[in-house]
Amino acid sequence: MTTIRTIPTEPIDGQKPGTSGLRKKTVVFQGHHYLENFIQSTWNGIGGVKGKTLVLGGDGRHFNSQAAQVVIRMAAAGGAKKIIVGKRAQLSTPAASHLIRKHGADGGIILSASHNPGGANGDFGVKYNISNGGPAPESVTASIYDATKVISEFQILEAQDVGLRIPETVMLGDMEIEIVDNVADYAALMQELFDFDAITGLFKSGFRMRFDAMHAITGPYAQTIFEDMLGAPPGTVMNALPLPDFGEGHPDPNPTWAKTLWDEMMSDTGPDFGAASDGDGDRNMIIGRQAYVSPSDSLAVLAANATLVPGYRDGLKGVARSMPTSQAVDRVAAKLGIDCYETPTGWKFFGNLLDAGRATLCGEESFGTGSDHVREKDGVWAVLFWLNILAVKGGSVADLLKAHWAEYGRNYYSRHDYEGVDSDAASALMDHVRGQLASLPGSTFGTLTVETADEFAYDDPVDGSRSEGQGLRIAFAGGGRVVLRLSGTGTEGATLRVYLEKVEEDPAKFAQDPQEALAETIAAAEAIAGIKARTGRDAPDVIT
Ligand code: G1P
Ligand code: ZN
């Protein structure tokens with residue numbers, strides 16, 4: 037006999053899921069009934085879970101296990117038919133997306149704050165994904181938010197914790213719990229998409245790789261796939277053990293936070309190929325020996341070479357990138373004669389395009405790349421894509437990049453982040469730029485002339501929904517841009533993101549350092565936005 041308890045609660049201000057679910061300090065989620073309150077609001081916002089099948093997993097951060105037990109008890113209390121849970125309640129985000137699709141589940145809960153630090157003083161997050169395996173669209177997050185504003189009680193099963201250590205099926209009340217291996221189904225999907233024999237041959241030939249799992253969720257995935265299945269030598273995967281605090285690291289795969297890997301790759305005796313992934317395994321960074329690949333360039337290279345990979349042999353239906361992502365992929369799409377979509381920041385905007393068969397590959401400048409194989413960006417997938425291309429084409433990452441730029445031109449690109457800025461100062465800065473948009477066209481900044489300036493709004497071509505206020509963009513003649521937007525995922529103050537882009541078609545200049553190549557663009561951003569004075573900062577906190 038199991039008992040469902042109904043416990044009174046009341047609305048909690050600010051439980052508004054953003055582009056990546058609800059993210060708060062871990063201690064906030066651990067507060068009295070906070071998590072229960074939000075999970076019940078999620079169930080209420082999606083029309084209940086009665087008779088439904090859900091997937092559950094997280095990135096292994098502090099509070100993952102306890103939170104998973106709460107979700108399980110509340111799913112059972114809500115009358116869910118079945119919940120499919122990764123062992124130890126862990127799943128990478130792309131693996132969770134795949135499981136939702138594979139099992140035809142109604143949705144899933146992912147416990148993660150992605151690349152944000154974890155541990156007792158770090159961040160935690162809860163994200164609801166829908167039946168296509170992707171993040172809930174704004175209509176769904178809005179009804180979850182509405183539910184948080186009127187909640188009066190939650191229901192939870194009175195029961196002990198469920199053991200989640202071995203793959204097996206158990207019952208909790210009337211709900212079936214299927215505990216699954218974390219890696220197996222995902223690895224099988226990768227085997228369908230990529231030429232594992234060719235990649236095995238690459239490693240046999242002495243090709244050396246370093247994969248930095250950053251003590252986050254991809255460790256077991258990377259070890260199984262790269263070392264066990266593809267024969268890369270043991271030790272290829274570094275920081276492979278997932279830890280609740282990510283080894284006190286910041287699990288964000290970029291030149292700043294993956295510094296050890298970066299330094300190793302920048303040495304002239306470094307490995308041939310380096311890669312890293314984030315907390316929940318959806319982001320990726322790709323680096324060749326002394327050759328950093330910007331995420332925007334990575335998307336363009338994958339698009340240009342997709343037909344070399346078995347899963348994309350028949351070509352791409354189209355490509356999509358978030359607005360601030362560089363326009364390098366647009367050039368590839370133009371040459372291939374396929375559509376290229378520009379969407380607001382956030383993976384959820386790609387879902388409709390992928391579902392409707394309008395785009396096959398998509399990506400963001402924030403180290404996110406993916407395809408229609410799941411409905412999330414996918415770090416390990418991107419690494420395999422690169423390995424497959426290198427195995428077929430031969431040569432180094434640097435060679436491949438150079439050849440790509442020679443063919444398509446180079447879009448110099450960088451993002452400057454100002455973190456923890458006073459929220460009012462950040463909004464005032466945006467207002468200041470917004471106020472100039474109409475008068476900017478025709479103005480010059482050094483050799484740059486503004487061609488257009490606007491605030492990005494997106495009309496979804498599939499469902500007709502409109503998303504406004506998606507970033508301020510200033511485009512220069514010749515293809516360069518300055519884009520400004522405020523982060524939607526930060527948990528303290530405001531984060532101002534300044535995206536800088538410049539097109540170079542002269543191969544003689546391709547070797548230039550991006551920050552130097554972009555110097556004039558950076559100065560234009562400062563002249564337009566007055567960043568230093570308004571943020572009180574001399575320089576960005578993070579440059580990628
Ligand atoms: C950031 C990235 C964005 C990504 C999101 C979730 O959002 O910029 O591209 O989709 O994280 O990983 P932001 O903080 O800029 O709102
Ligand atoms: Zn992530």
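The numbering of the sequence shown is our numbering, which starts it at 37 and goes up by one.
Built from N, CA and C at the ideal position, the CB exists for glycine as well.
Model, not experiment: these values are computed from the prediction.
Contact test: Glu400 Cβ vs ligand 1 heavy atom, cutoff 6 Å: yes
Beta-carbon contacts of Glu189 that lie in its chain and below 7 Å, excluding the five residues immediately before and after: Thr42, Ile43, Pro44, Thr45
Own chain partners of Leu344 with C-beta closer than 6 Å, once the 5 adjacent residues on each side are dropped: Ile425, Val428
Closer than 6 Å: Arg446 CB and nearest ligand 2 heavy atom: no
Distance cut-off 6 Å: Ser584 Cβ against heavy atoms of ligand 1: Any property of residue 584 remains undetermined from this structure, which presents the chain solely from 37 to 580.
N- and C-terminal bounds of the alpha helix (DSSP H) containing Phe99: No alpha helix (DSSP H) holds Phe99; DSSP gives it neither H nor E.
Rounded distance between the beta-carbons of Ile261 and Pro278, thought under 8 Å: Incorrect: roughly 15 Å between the Cβ atoms, too far for contact.
Reference Gly482; option with closest CA among Pro360, Gly324, Ala560, Gly456: Ala560
Sub-7 Å separation of Val519 and Tyr494 beta-carbons: no
Gly415 beta carbon less than 7 Å from that of Asp318: yes
Cβ-Cβ separation, Asp221 to Pro346 (assumed contact under 8 Å), whole Å: With a Cβ gap of about 19 Å, Pro346 and Asp221 do not count as contacting.
Terminal residues of the alpha helix (DSSP H) in which Leu389 lies: 384 to 391
Lys185 in three-state terms, based on DSSP: helix
With 16 other Cβ atoms within 10 Å as the buried cut-off, status of Glu504: exposed
Cut-off 8 Å between Cβ atoms - residues of its own chain near Glu487, not counting five sequence neighbours on either side: Pro477, Ala511, Phe512, Ala513
Beta carbon of Leu200 nearer than 7 Å to that of Val121: yes
8 Å Cβ shell around Glu300 - same chain, five flanking residues per side excluded: Arg246, Gly306, Pro307, Gly310
Ligand 2 heavy atom lying under 6 Å from the CB of Ser432: no
Complete beta strand (DSSP E) runs within the region 193 to 228 (minimum length 3 residues, chain order): 205 to 208, 211 to 216
Near ligand 1: Gly524 beta-carbon under 6 Å from a heavy atom: yes
Residue nearest to Asn80 in terms of C-alpha spacing, selected from Ala156, Ile180, Gly54, Leu372: Ile180
Same chain, Cβ closer than 6 Å to Ser133, neighbours up to 5 away in sequence not counted: Gly169, Val410, Arg411, Glu412
Check: Asp414 C-beta below 6 Å from any heavy atom of ligand 2: no
Collapsed DSSP secondary structure at Asn168 in the structure displayed: coil
The region 54 to 70 touching the region 396 to 406, judged by at least three CB pairs closer than 8 Å: no
Completely contained alpha helix (DSSP H) runs for the region 249 to 282, where each covers 4 or more residues: 254 to 258
Proximity test, His151 beta-carbon vs ligand 2 heavy atom, cut-off 6 Å: yes
Terminal residues of the alpha helix (DSSP H) in which Gln76 lies: 70 to 81
Residue from Arg325, Asp288, Ser241 whose Cα sits closest to the Cα of Ser303: Arg325
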